[in-house]
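Novice:
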Amino acid sequence: MVFGMGGGTSSYQEMEETDCVLLWGSNARETHPIFFHHLLKGLERGARMFAVDPRRTSSAQWADVWVGVDVGTDIPLANAVGREIIAAGLVNHDFVTHATEGFEAYRASVEPWTLARAASVTGVPAAVIRQMAHEYARARRAMLCWTLGITEHHHAVDNVLALINLALLTGHVGRWGSGINPLRGQNNVQGGGDMGALPDRLPGFQHVENDEVRQKFDRAWGVTIPPKRGWHLSGMFDAMERGELRAVYVIGENPIQSEADQHRAARLMDGLDFLVVQDLFLTDTAERADVVLPAAAGAFESEGTVTSSERRVQRCRRTLDPPGEAREDLAIIFDLARALGHDWGRPDAESVWNELRVLSPVHAGMSYGRLDEHRGLRWPCYDESHPGEAFLHARLWERPVKGRRAPFHAVEHTAPADALSDEYPIRLTTGRRLAEYNTGVQTRAYASPTRRGETIDLSPEDARQYGIAPGELVRIVSRRGEVMAPVYIDATLRPGLAFMTFHFPEQVQTNQLTIDATDPRAGTAEFKATAIRIEKAPAAAAAT
Amino acid sequence: MSATIDGRPIEARAGATILDACRDAGLDVPTLCYLETLTPVNACRVCVVEVEGARVLAPACSRRIEPGMVVRTRSPRVDLSRKLVLELLGSSVDLSTAPTLEPLMREYGADPGRFGPAPATVRQSPKVDNDLYMRDYSKCVLCYKCVEACGTDAQHTFAIAAAGRGFDAHISTEFDVVLPESACVYCGNCIAVCPTGALMAKHEYDLREAGAWKPEVQTATDTTCPYCGVGCTLTVHVQDRRIVKVTSPLESEVTRGNLCVKGRFGFEYVNKTG
Amino acid sequence: MDLHITGGEPTEDERAAIDALLGVPESGWEGAARDIARDGRTAAGGHSVAGQRHRLLPALHAVQDRVGWVSRGAMNYICRRLSVPPAEAWGVLTFYHLLARAPRPTAVAHVCDDIACRLRGAEALCQELETRLGPPLAGGSPAATPDMNGAGVSGAVEAAPALRRAGAPAPAAMAWQRSPCLGQCDAGSAALITRAGAMPERFVLAPAADASAIVEALAGSTPAPPRPTVRWTGTPRLLSRVGKVDPASLDGYREQGGYRALARALELGPERVIAEVTASKLLGRGGAAFPTGRKWDAVRRQPATPHYVVCNADESEPGTFKDRVLMEQDPFAVVEAMTICGLATGAAQGFIYIRGEYPLAEARVGSAIAEAREAGLLGADVMGSGQAFDIEVRRGGGAYICGEETALFNSIEGRRGEPRSKPPFPAEVGVFGKPTVANNVETLVNVLAIVLEGGESWARLGTPASTGTRLFCLSGHVERPGLYEVPFGATLRDLIDLAGGVPGGRGVKAVLLGGAAGSFVGPGHLDLPLTFEDARAAGATLGSGVIMVYDETADIADSLHRIAEFFHHESCGQCVPCRVGTQRQLELLPTLAAPSASSAAAAASVFGELSVAMKDASICGLGQTASGAIESALNLGLIERPVKGGE
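Just so you know, the sequences run in chain order A, B and C. The letter at position 168 of the first sequence is residue 260 when you use my numbering, and the numbering goes up by one with no holes. The letter at position 204 of the second sequence is residue 206 when you use my numbering, and the numbering goes up by one with no holes. The letter at position 54 of the third sequence is residue 462 when you use my numbering, and the numbering goes up by one with no holes.
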């Protein structure tokens, strides 16, 4: 929306050579451990770090300053940082003048966000906001990195835009060591986007509503691509609700357990006319399917590529034969095509990849040979002599700027959809733990010595107030559902803030609590902000 | 800059160590505690070389080349020190799973048996206190690699450190607590760098104990980790159609040989269905 | 840093001791009561807390002083306060032998059983103590160190029942342990007494006349401070005030010429000061004999900042006590000399690292620093010059290796005292990775006279290559063990004569020059002029100035065994040649005196190769010199078969 291509702007190497890191809504220490190694190298070199997170996570404990924001108040915080940068005269005027547009409107939009007002809305002390603003703006090089703490909100896109505004204000983008980086939560989220698994894009981030682009694909594929964008995930559920979407083909997802407001997800999936699930496991979602296609494991039993958070395209190689009737995704899809009357020939990952290279200019230079030789290449990589770009948007530093200037976006704060009330006084936020992954279907199989199962993590103060002992089973109630879980007392939380994962749906169905309030532009639900209350379980009360 | 190694004039880049220069020149210098991805601790002293004009031998792994330096990688002095170092290790440590040392022992004529009938050793029972790791400090040469990998060179978890002093120096958690009580996060980056098999995945240890570890039939294939979006290269070691070990190449810019617990150990879901 | 701390909270005493050093914790994250309005919203981490690491050893000392040992709860609290991972803190705690990590009696006597005291009957004293107090605690000295690879120091816990068994007069909180050399070799016997508590006491009993004296000291008596024997020939430069000045009085020091050198140095300016030191050809007195002027000049020129001055007062070489005498008797001289060094080399901060076995030196230097600071001779504006310099005292933890300068830096930084690889040298990369002048106490004190007299004039004493005077520590079989200052060039015989000769008119069997890291010379070397160059030519070293005399009745084998134990005990364990080599040396030593000539010869051959490899391939001077004394004894034929009185 700002830059045209959806990907982190910077290479991991640059994390080691930057001077300032804003880690915003990301517990990368646990969720992206090897990325965090690069960040740590940067800290060792002397980089300063601010970690914006409601919890003082293990990542935040590495920060020079932990910025303990209230859940869902990232826009006020970012706007106040922006206002302070402007007010303190720390704007990179050269960059703003030559490479951006919409600064005046942005300035006007952040004007009300004084440090004092932001402090009262976000809970972050004014001096801390000010320090973050000044250090970020003054740094020679600075990185802004975020994860789902930013995007799992009903105003996810605005959150991202609010952060990007800061990079534009300070010129911390398009240079070595300065960039803006969403850390991808799954091994091929980025690659899915690369390949056009976005409602409005064809492979290579080429817009489906662009006639020229579409015609190129029409010619190559011998079909006519509809000139309109599709639905993203939450849009699909809404379409199910409206009865417009009647058949769904799910590949490698477990939405019954991973989607917010699980009751609703189950109801809608159950109401479909036809559900096909292609997966490694007979997940809860697969249990409900009309047809289950057993799939091969992507990393070990399939050929192909994935794209990482630094836009590096890397190969997956088949080292094991899939078990039983399980087959590679490609083989299944090819057979499906044949059954639908299209013989695509023998399924071969490299041929498919080479077809992509013809159609997607940013991938053109990435032959399998070169991917092997370089252990992956970062897009854009326009031809076979191109080394791949370490960072994006260097063009913004050319004078005059080639192509469109990067626009500021004035964004306004809206509170989390699931409001706190006397009845639901505690803010539950969710996330991952180091040794686990998503709904646990893969990680459950190995014996992690740190595994302690699902818990509701509470601050020591709340545990005291509710008279709850560690390990005690409590009832957790939201406006949508209720679950029972044992309590884990965690001093990285403050009163009124609770934390759960969704790694152990076989124990606790956390997503029965969460809300599916969704940003219509991104389709990610507000997993990070649920209003709950805690009740002592009668049985436990009796037992203690 | 110009220098001379074993009588050959060489050109070394600024900042290069003697070992770098030797390897660039195709000369072999044995190492034990050295690893490209770790800060040299030069503790093992296997790589010592003779630098003309120096009072004592220099560790090739960490001594930087200086202009005009004259280095000998083999000389009676060098060979004697290497032989003694190997003998001292061989007489005190169980090197049975340190395959790289055996040819060195032969090459330098090391006879670890010549320190008398009952020299002190670091012999002790293996520590098996969790499902993923085994630690057998009878095999520890105190190269510090695990400490560096757990610490400032990669993981920054600092679950282990050198403790004690002298012959009693050893790698330990605080107060020697079991790993599950320690800060360990089971990334296995220590195992990956251990040169002697003192640290080993329990999976491999169990197979070895059962006599079922067969490196000669194992294949190793690179793929990309199935978990988060960082994109770590996994080298998947397969034996009898099962994954028996996962490592990562030191040359990978992304991992530098390091992984997290999921990448290194989270493959069982494939074995279980396979 | 994401610390993972489990297993225990500090006791009230432990917390109080740590807070007294570090101040009250500033936030709940560091161990204060949680203030949610603040601690729930922000926390400092990262670089500011990482910079606290250097206070680790002082914090461990604080707990040791208060409680007598360091518990897991205490260590945890220190870790939380300083953001140090517990495993790393454990590595440090287990490195320093004055720190205990299991409960033990609060009053402990560390009784020297090292080579000099052995010549004066230390072993008998230990036997007597064992009868009185039961077996020694483990950990202090090798003879008592059980094979331990774990955490506990079992001897400590067992000591109390042993006490009761011995029927000692109910001194429930009393134990003893053996200790390496305490630097009291002129006294003939010595014990370091530590009494933990709210008002901790640490003092040295020297001489420790007998077991009763030690038990009384443990029970609470405080002996008078020692009066050292000092003598010289000609006009003393280093000892001129020793015994004549009140070490607690800045005025007294000034009356005897103190702080004239600093005033002169400020007139001269840094370049001229360094020029004078260079002209003096002063060589380092710690053992390595490096030109001091060159060192200072190199640091002054370094562009990296800040620069540091480190005074190496970790005098632990067996047989050495010269720096102790200077610090105890003339502490302002050390402070003044460090100040001159700091101003000359562009350093604003100095550290003086005093071994933990020197409580009196630590106290006197500490109060001298405080007085000097009070008088404007240290601090932001030294003597009105507008220049800043200050000094912090750091206490060693019972580790000989920390006398090696890079190990000492690591110790100051809160790490294990493991030496670093050189190069880079300290002038470039020293303490905290910054350019550092590291000088020994005696070296620095020489600078005062150099600045006042001028380098060239000062250099007229001594020989052209060994200028000035030298302090020699005479011990063993001489009439008057003590500290002697003579110009370089005096012979070994001159020194022994000055010390009253060998008691009973007995002959000299051998002299250990330079301490345990030095070497033996035979009676044939008595006319050896004591200069750097003559010692080198004779294959010996002056080292730290140790002259330990063995008369014809002396049991050299016993000393050799103690030396081998010493290095085995003091090796840091970092490099293979030293870690395993010192172990093998200890094992091989008896076989060198095997009854069979052929097996002794075979052992000598293995030992010879081991010795070469230790010299050639060890990281630092400890491993490089650990076999020297035994090798010299072997070469001098001092190892006789069969061994007398060996084990």
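Note that beta-carbon positions come from the ideal geometry of N, C-alpha and C, so glycine has one too.
Going by Cα to Cα distance, which pick from S394(A), P612(A), P597(A) and M235(A) is closest to Q87(A)?
Specialist: The question about residue 87(A) has no answer here: the residues shown for chain A are numbered 93 through 636.
Novice: Go through its chain and collect everything with a Cβ distance to C192(B)'s Cβ below 6 Å, but skip five positions before and after it.
Specialist: Numbered from 1 along the second sequence, position 190 holds the residue referred to as residue 192(B). For C192(B), where only same-chain residues beyond five positions count, the Cβ hits under 6 Å are C148, A151, C152 and L201.
Novice: Count the CB pairs spanning the stretch 922 to 940 of chain C and the stretch 890 to 910 of chain C that are closer than 8 Å, and state whether there are at least three.
Specialist: Touching, yes, given that three or more Cβ pairs across the two stretches are closer than 8 Å.
Novice: Can you tell which of P513(C), G591(C) and L785(C) has the C-alpha that lies nearest to the C-alpha of S883(C)?
Specialist: Taking the third sequence and counting its residues from 1, the one referred to as residue 883(C) is at position 475. Closest by alpha carbon: G591(C).
Novice: Short of 8 Å in beta carbon distance, which residues of its chain neighbour M361(A), apart from the five on each side in sequence? Order them along the chain.
Specialist: In the first sequence, residue 361(A) corresponds to position 269, counting from 1. Closer than 8 Å at Cβ, skipping near neighbours: M332, V340, P347, I348, L367, T377 and R380.
Novice: Taking E553(A) as the query, report the chain C residues whose CB atoms sit under 8 Å from its CB, ordered along the chain.
Specialist: Taking the first residue of the first sequence as position 1, residue 553(A) is located at position 461. Within chain C, the residues near E553(A) are R442 and I444.
Novice: Whole angstroms are fine: how far does the CA of L429(C) sit from the CA of G563(A)?
Specialist: On the first sequence, residue 563(A) is found 471 positions in, with the first residue counted as 1. On the third sequence, residue 429(C) is found 21 positions in, with the first residue counted as 1. Whole-angstrom Cα-Cα distance: 37 Å.
Novice: Strictly by DSSP, which residues pair up with Y716(C)?
Specialist: To locate residue 716(C), count along the third sequence from 1; it is residue 308. Y716(C) pairs with Q757(C) and T844(C).
Novice: Which first and last residues belong to the alpha helix (DSSP H) in which I969(C) is found?
Specialist: As a working mapping, residue 969(C) is identified with position 561 in the third sequence. Reading off the sequence, residue 969(C) comes out as His, not Ile. I964 to E978 is the span of the alpha helix (DSSP H), which, as asked, contains H969(C).
Novice: Verify whether the separation of the beta carbon atoms of R461(C) and V432(C) is less than 8 Å.
Specialist: Locating residue 461(C) in the third sequence gives position 53, counting from the first residue. Locating residue 432(C) in the third sequence gives position 24, counting from the first residue. No. Outside cutoff.
Novice: Along chain C, which residues have their Cβ under 8 Å away from the Cβ of I193(B)?
Specialist: As a working note, residue 193(B) is residue 191 in the second sequence. Residues of chain C passing the Cβ test: none, with the nearest at roughly 17 Å.
Novice: Using 8 Å as the threshold, is the C-beta distance between T214(A) and V249(A) below it?
Specialist: As a working note, residue 214(A) is residue 122 in the first sequence. As a working note, residue 249(A) is residue 157 in the first sequence. Contact: no.
Novice: Per DSSP, what kind of secondary structure is N446(A) in: helix, strand or coil?
Specialist: Residue 446(A) sits at position 354 when you count from the first residue of the first sequence. Of the three classes helix, strand and coil, the one that applies to N446(A) here is helix, per DSSP.
Novice: Classify N44(B): buried if its beta carbon has 16 or more other beta carbons within 10 angstroms, exposed otherwise.
Specialist: As a first step, residue 44(B) must be located in the second sequence, where it is residue number 42. So N44(B) counts as buried.
Novice: Within this structure, are the beta carbons of Y716(C) and Q757(C) separated by less than 8 Å?
Specialist: Taking the first residue of the third sequence as 1, we reach residue 716(C) at position 308. Taking the first residue of the third sequence as 1, we reach residue 757(C) at position 349. In contact: Y716(C) and Q757(C) (Cβ atoms closer than 8 Å).
Novice: Alpha helix (DSSP H) containing T397(A): first to last residue?
Specialist: Mapped onto the first sequence, residue 397(A) falls at position 305. No alpha helix (DSSP H) contains T397(A), which is instead part of the beta strand (DSSP E) from G396 to T399.
Novice: Just checking: is the beta-carbon of E1066(C) within a distance shorter than 8 Å of some beta-carbon in chain B?
Specialist: A question about residue 1066(C) goes unanswered here, because the residues of chain C that appear run from 409 up to 1055.
Novice: A502(A): which of V144(A), L207(A), W154(A) and L253(A) sits nearest, CA to CA?
Specialist: For the purposes of this step, residue 502(A) is taken as the residue at position 410 of the first sequence. Residue L253(A) is the option with its Cα nearest to A502(A).
Novice: Within its chain, find whatever has a CB closer than 6 Å to the CB of A391(A); leave out the 5 residues flanking it on each side and keep chain order.
Specialist: For the purposes of this step, residue 391(A) is taken as the residue at position 299 of the first sequence. Answer for A391(A): C408, listed in chain order.
Novice: Where does P347(A) fall in DSSP's three states?
Specialist: For the purposes of this step, residue 347(A) is identified with residue 255 of the first sequence, where counting begins at 1. Note: P347(A) maps to helix in three-state DSSP.
Novice: Residues in the stretch 473 to 505 of chain C with C-beta within 9 Å of chain B's C-beta atoms, listed in sequence order?
Specialist: Residues R480, M483, N484, C487, V492, P493, P494, A495, E496, A497, W498, G499, V500, L501, T502, F503, Y504 and H505.
Novice: Could you say which of N119(A), E618(A), D611(A) and A621(A) lies nearest to T239(A) if we only look at CA atoms?
Specialist: Numbered from 1 along the first sequence, position 147 holds the residue referred to as residue 239(A). It is N119(A) whose Cα lies nearest to the Cα of T239(A).
Novice: So, are the CB atoms of V743(C) and I799(C) less than 8 Å apart?
Specialist: Numbered from its first residue, the third sequence carries residue 743(C) at position 335. Numbered from its first residue, the third sequence carries residue 799(C) at position 391. Contact flag set, yes.
Novice: Please report the residue range of the alpha helix (DSSP H) in which C408(A) lies.
Specialist: Residue numbering aside, residue 408(A) sits at position 316 when the first sequence is read from its first letter. Segment R404 to C408 is the beta strand (DSSP E) holding C408(A); no alpha helix (DSSP H) there.
Novice: Below 8 Å on the Cβ atoms is my guess for I272(A) versus L236(A); work out the distance and round it to an integer in Å.
Specialist: The sequence position of residue 272(A) within the first sequence is 180, counting from 1. The sequence position of residue 236(A) within the first sequence is 144, counting from 1. Contact flag correct, Cβ pair sits at about 5 Å.
Novice: Would you mind reading off the limits of the beta strand (DSSP E) that contains A623(A)?
Specialist: Walking along the first sequence from the start, residue 623(A) turns up at place 531. Where A623(A) is concerned, the enclosing beta strand (DSSP E) stretches over T622 to K628.
Novice: Please report the straight-line C-alpha distance between R573(C) and R512(C), rounded to a whole angstrom.
Specialist: Working through the third sequence from its first residue, we reach residue 573(C) at position 165. Working through the third sequence from its first residue, we reach residue 512(C) at position 104. Reliability fails at R573(C), whose pLDDT of 40 lies under 50, so the model's placement of it is uncertain and no value is given.
Novice: Any beta-carbon of chain B closer than 8 Å to the one on A551(C)?
Specialist: For the purposes of this step, residue 551(C) is taken as residue 143 along the third sequence, with counting starting at 1. Here A551(C) scores only 41 on pLDDT, less than 50, and its place in the model is too uncertain to base an answer on.
Novice: Return the CA-CA distance between L571(C) and T502(C), expressed in angstroms with no decimal places.
Specialist: Sequence index remark: in the third sequence, residue 571(C) carries index 163 (1-based). Sequence index remark: in the third sequence, residue 502(C) carries index 94 (1-based). Note that L571(C) has pLDDT 39, beneath the 50 cutoff, so the model's placement of it is unreliable and no number is given.
Novice: Which of the three DSSP states is assigned to K129(B) in this structure?
Specialist: The residue labelled residue 129(B) in the question sits at position 127 within the second sequence. Here K129(B) sits in strand by DSSP.
Novice: Taking 8 Å as the cut-off, does the stretch 462 to 471 of chain C touch the stretch 163 to 179 of chain A (at least 3 CB pairs, one atom from each stretch)?
Specialist: Counting Cβ pairs under 8 Å, fewer than three are found: no touch.
Novice: If you count every other CB in all the chains shown that lies within 10 Å of the CB of K1(B), and 16 or more means buried, which is it?
Specialist: Given that chain B is displayed from residue 3 to residue 276, the structure contains no residue 1(B) and the question cannot be resolved.
Novice: Where does Q370(A) sit, in a helix, a strand or coil, going by DSSP?
Specialist: Locating residue 370(A) in the first sequence gives position 278, counting from the first residue. Looking at Q370(A) - three-state DSSP - the assignment turns out to be strand.
Novice: How about the stretch 47 to 59 of chain B and the stretch 1018 to 1025 of chain C: do they share at least three Cβ pairs that are nearer than 8 Å?
Specialist: The stretch 47 to 59 of chain B vs the stretch 1018 to 1025 of chain C: in contact.
Novice: Can you name the residues of chain C whose CB is closer than 7 Å to the CB of G215(A)?
Specialist: Within the first sequence, numbered from 1, the residue matching residue 215(A) stands at position 123. Per Cβ cutoff of 7 Å: R449.
Novice: C408(A) touches chain B at which residues, Cβ-Cβ below 7 Å?
Specialist: Position 316 of the first sequence, counted from the start, is the residue given in the question as residue 408(A). Ordered by position in chain B, the residues that pass the 7 Å Cβ test against C408(A) are T225 and T226.
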